[in-house]
Structure formats: C-alpha cells, structure tokens
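K.L.:
Mapping of the sequence shown onto this note's numbering: position 175 corresponds to residue 175, and the numbering continues sequentially without gaps. Glycine residues also receive a C-beta, built at the ideal position from the N, C-alpha and C atoms.
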Amino acid sequence: MGTLGLSPNIDNLDGFFASAGFALASVYNNQVDPPFVHGEWAAGEFQAQPGDYLNGTLAVNTTAIQTELNCASPSSLNVTTNADGSHNALATFSDGCSATNVFNPSGGTEQFSVVNVSSCGASGLDVKFQPVVFWFYLNSSSPQVASVYCGPTMNVFTVETSMNLTTASLGDCTIIDPVQGTNNVTGSPQYGRPYNGVVFGSIQDPYISSRALAVNFGLPDAIHRYASRQPGGPLSVFQDQYGFLNATENIYAKYLSIAAQINYFITGNSTTSAQLTTEIPRLFVEALPAFLLSSLMIAIGFIGFGVHYLHGRARRRLWLTSPPGSIGAIVSLTSRSGFGQLLLPYDNERKMQERLGGLTFRIDERTGAIVAEEDFGAVESSDGVALLAHQRPYGDDSTPLKSSDDAA
Numbered sequence: 001m002g003t004l005g006l007s008p009n010i011d012n013l014d015g016f017f018a019s020a021g022f023a024l025a026s027v028y029n030n031q032v033d034p035p036f037v038h039g040e041w042a043a044g045e046f047q048a049q050p051g052d053y054l055n056g057t058l059a060v061n062t063t064a065i066q067t068e069l070n071c072a073s074p075s076s077l078n079v080t081t082n083a084d085g086s087h088n089a090l091a092t093f094s095d096g097c098s099a100t101n102v103f104n105p106s107g108g109t110e111q112f113s114v115v116n117v118s119s120c121g122a123s124g125l126d127v128k129f130q131p132v133v134f135w136f137y138l139n140s141s142s143p144q145v146a147s148v149y150c151g152p153t154m155n156v157f158t159v160e161t162s163m164n165l166t167t168a169s170l171g172d173c174t175i176i177d178p179v180q181g182t183n184n185v186t187g188s189p190q191y192g193r194p195y196n197g198v199v200f201g202s203i204q205d206p207y208i209s210s211r212a213l214a215v216n217f218g219l220p221d222a223i224h225r226y227a228s229r230q231p232g233g234p235l236s237v238f239q240d241q242y243g244f245l246n247a248t249e250n251i252y253a254k255y256l257s258i259a260a261q262i263n264y265f266i267t268g269n270s271t272t273s274a275q276l277t278t279e280i281p282r283l284f285v286e287a288l289p290a291f292l293l294s295s296l297m298i299a300i301g302f303i304g305f306g307v308h309y310l311h312g313r314a315r316r317r318l319w320l321t322s323p324p325g326s327i328g329a330i331v332s333l334t335s336r337s338g339f340g341q342l343l344l345p346y347d348n349e350r351k352m353q354e355r356l357g358g359l360t361f362r363i364d365e366r367t368g369a370i371v372a373e374e375d376f377g378a379v380e381s382s383d384g385v386a387l388l389a390h391q392r393p394y395g396d397d398s399t400p401l402k403s404s405d406d407a408a
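#1: Would you mind listing the alpha helix (DSSP H) stretches within the stretch 164–249 that are 4+ residues and don't spill past its ends, in chain order?
#2: Classify residue 130 as buried or exposed, calling it buried when 16 or more other Cβ atoms lie within 10 Å of its own Cβ.
#3: Pull up the distance between the alpha-carbon of residue 258 and that of residue 19, whole angstroms please.
#4: Looking at the unbroken beta strand (DSSP E) that takes in residue 264, where does it start and where does it end?
#5: Just verifying my parser: in three-state terms, what is the DSSP assignment at residue 154?
#6: In the DSSP output, what is residue 138 paired with across the bridge?
#7: Check the DSSP bridge columns for residue 71 and list the partner residues they point to.
#8: Candidates 365, 8, 181, 101: which alpha carbon is nearest residue 315's?
#9: Near residue 382, what residues of its chain come up, given a Cβ to Cβ distance below 6 Å and the 5 sequence neighbours on each side ignored?
#10: Among the residues of its own chain, which have a CB less than 6 Å from the CB of residue 328, if the five just before and after it don't count?
#11: For residue 94, I'd like the list of residues in its chain whose CB is within less than 8 Å of its CB, leaving aside the five on either flank, ordered along the chain.
#12: The beta strand (DSSP E) with residue 362 in it runs from where to where?
#13: On the CB-based measure, 16 or more other CB atoms within 10 Å of its CB, does residue 261 come out buried or exposed?
#14: For residue 214, which residues in the same chain have their Cβ closer than 8 Å to its Cβ, ignoring the five residues on either side in sequence?
#15: Could you compute how far the alpha carbon of residue 86 sits from the alpha carbon of residue 132?
#16: Assign residue 338 to one of two classes, buried (16 or more other C-beta atoms within 10 Å of its C-beta) or exposed (fewer than that).
#17: Mark residue 34 as exposed unless 16 or more other C-beta atoms lie within 10 angstroms of its C-beta, in which case mark it buried.
#18: Given residue 120, which residues of its chain have a CB within under 6 Å of its CB, disregarding the five upstream and five downstream residues?
#19: So who's on the other strand from residue 160, going by DSSP bridges?
#20: Can you round the beta-carbon distance between residue 216 and residue 198 to whole angstroms, since I take them to be within the 8 Å contact cut?
#21: Measuring CA to CA, which of 68, 66, 57, 248 is closest to residue 135?
#22: Apart from the five residues on each side of it in sequence, which residues of its chain come closer than 6 Å, Cβ to Cβ, to residue 42?
#23: Is it the case that the stretch 186–206 contacts the stretch 163–171, given that we only count it when at least three CB pairs across the two stretches are under 8 Å?
#24: Let me make sure I understand the geometry here. Which of 175, 235, 162, 25 has the alpha-carbon closest to that of residue 109?
#25: Below 8 Å on the Cβ atoms is my contact criterion, and I expect residue 48 with residue 276 to pass it. Report the Cβ-Cβ distance as a whole number of Å.
#26: Compute the distance between the beta-carbons of residue 2 and residue 267, then report whether it is under 8 Å.
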C-alpha cells in the first residue's frame, strides 16, 4: 500500500497539471472522484489480494490527507471605473487582508484569474504555499465582479475507510488518530503545508513553465465553467452572495484532493490487515458437470431428431386436423363414431367400462375419424392404423386401435 511521502516528480508539476485537467473535465462530463479520492480526502493506493470478487468492499486502516480550503467571500468589494473604461476591484476579507485586480472590457466579456496574496499569509512564505484569491468578471450592462479567498491547509490522519473493488472508489473516512512520525510531507521540507496548486513562482524550464501557466489558467476556467452551467447562467451566480464561493469550493477541493493523492504519496510495499466483504455467487458452473450435462443434452437432441425422422412414415397416415389434445380435435375425431351416444356426462370409470365393453376402436384412413366396431371381421385390412406403438394382428389382417380394456 502507498505511504506518505513527496513524489519525486512534484517539481515537474505533472501531478498538478493532470489534476487540473481532471477538474475541468469533471465540469463537462460530471465525473465522479477518481480512485483513492473522496471529497476532501485522499489516501495512498492499496489493493486486495488477487482474486475474483463479486461486489467486494475492502475495509482498511490507512493514511489519508484531509485538505481544508478555508475559502471566504470578501466582506467588502468595491469596483471603480477608470477614464479608459477599465475597472479597478478592491476586495477586503474578514481577517483584514485585501487584494486588488484590474479588468479591461476589451480583454473579453468573461474574464477569470487566480493570484497569490502575500499580505494574507505568513511572512517569508514561498508563493507556492501562500493563500490565493480567485477573480471573476462579467462585462454585462454593469460590470459584475466576484472574488474568493482561499488559504488551503492539510491534516494527515490514520483513518478507517473502504474501497469498492469494482469501481476502486474510496468510501467515507473515519479519523482514528493523527499521523505521528517524521516524513518529508509533515516534516522538512514541507512541514505540513499544502501547495496552493495554482501559483508556482518563477520557473526557468519552458515545459514546466507551460504546465504552471496551464494550471493557473485552467482551474479558474473550470470554476467559471461550473458557474456558467448553473440554472440561470453565470449572471445568476454573480448575483448570488455565495455563488462563486460554492463553485470555487466544489472545484478547488476536488483539484487539491486529486493533487494530494498524486503528489503526497509514494508507492510502498507494506501490507496491513483488512476486512473483505463480498457477495458469494448463488449460481456457479463447475466445468466437468457442465460438460457432461451439455454433452448429454446434445445427444438427446440428436436421438430425438432421429426418432422424429424414423417415425415420420407412421405419422403420415394419421390425420390431425386440430391440435392433439384440444376439445376441437376430440370432437372432430369422434363426432361420427356413434359410441358417443352410449356415454353420459356423469358416467364414472366403471360405467364407461360397462358401456364400451366389447367395442374395438380404429381410425378410418379415408376420413381420419375414430370409429368403433363390434365385429372385427368387418374391418378392411387397408383401414387399420395403430394408435399404440405396437400392433396386434387379427385373422383378417385388420389392426384394432384399442381393446375394450384400453378404452377405459
């Protein structure tokens, strides 16, 4: 499982660049938190023993980082218009710190940015750890300006959490204890201070500088896009006292949590005890019985096909004008047999045996009707078609279709 430690590539800004891209994509695609991130929590990677788990959940005690944004709307925001048409904005926050910005309408209808505010942080603090202020501007009938102050902090805890083994999503985190011990996240060189993730200072490498610029532009853009997609559009968010505060907390928290998971954990080989909860499948297939059963079913199918084919000649002489077993079939086959007049609807089995005793039944090949006869000698040899699987020959080669005992 992953252990607490600064990523060796943190200064390349790859993790921050990827996190900003995910935050922006989540605005358009409504994506859920990535693996090992849940809201303001980020945990090191861990996994269960290899195996097939049905809706499995792994509960484990692990190290997690909780990022707190400490965002606030300005207690006062003053906007003045200059002679050249530009607008000066002065935001003052409750702790006494302030920030300014200038917006030129020629720069675009919608403008957004984020800057560090050194006056609001500890003296001598590196710009990458300083608080920041997000600015948003809309050039409508009257200039609309909003600002949000954020001073991120982080805490490291041992937590009890869970992971869905199907989606790798992290569950709720329950704090057990603060993390004790020395590492390069809570100790030197970071001393438990999170990167603000949007301002990185002067960078000489052109590729890394490009990533820093993309993050600095992309995250305010993600917040602005999130606000623009709210009911009523961006103007309604500007007019809401907490509109951009809520939008900033939503996107910025997601961004910093993802960045924390990438940058503040390193791969480790440690193991720990965990509780695995999974559903046992009620239906499972064993290879050998399934193979034997399927072979048997295939064999039965071939045998049935053979019997059906071989019995076709015998069925050819049997007339079935209605589906066998239906009332229509019974009536059509016996309507002219004559023996129906001997039976009454309330006859029981014994009465039927008495009334039908001595009769022989057969099918008239010309009409397909069932007929009953008392005199076997009167049957033509060409008229007999057996209803049963066996045939009992008589002296004149006629084939009776049912004996008097069978009639019952």
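P.N.:
Let me spell this out:
#1: The stretch 164–249 contains, as complete alpha helix (DSSP H) runs of 4+ residues, the segments 206–228, 233–239 (chain order).
#2: buried
#3: 6 Å
#4: Note, residue 264: premise wrong, no beta strand (DSSP E); not H, not E.
#5: strand
#6: DSSP output for residue 138 lists 110, 144 as bridge partner(s).
#7: 150
#8: 365
#9: Because residue 382 sits at a pLDDT of 40, beneath the cut-off of 50, its placement in the model cannot be relied upon, and the point is left open.
#10: 322
#11: 72, 75
#12: 360–363
#13: buried
#14: 17, 20
#15: Between residue 86 and residue 132, the C-alpha separation is close to 23 Å.
#16: exposed
#17: Residue 34 is buried by the Cβ-count criterion.
#18: If we look at residue 120 and ignore the five residues flanking it on each side, its Cβ neighbours are 97, 131.
#19: 61, 174
#20: 5 Å
#21: The shortest C-alpha separation from residue 135 is found at 248.
#22: 65, 257, 260, 261
#23: no
#24: 235
#25: 6 Å
#26: yes
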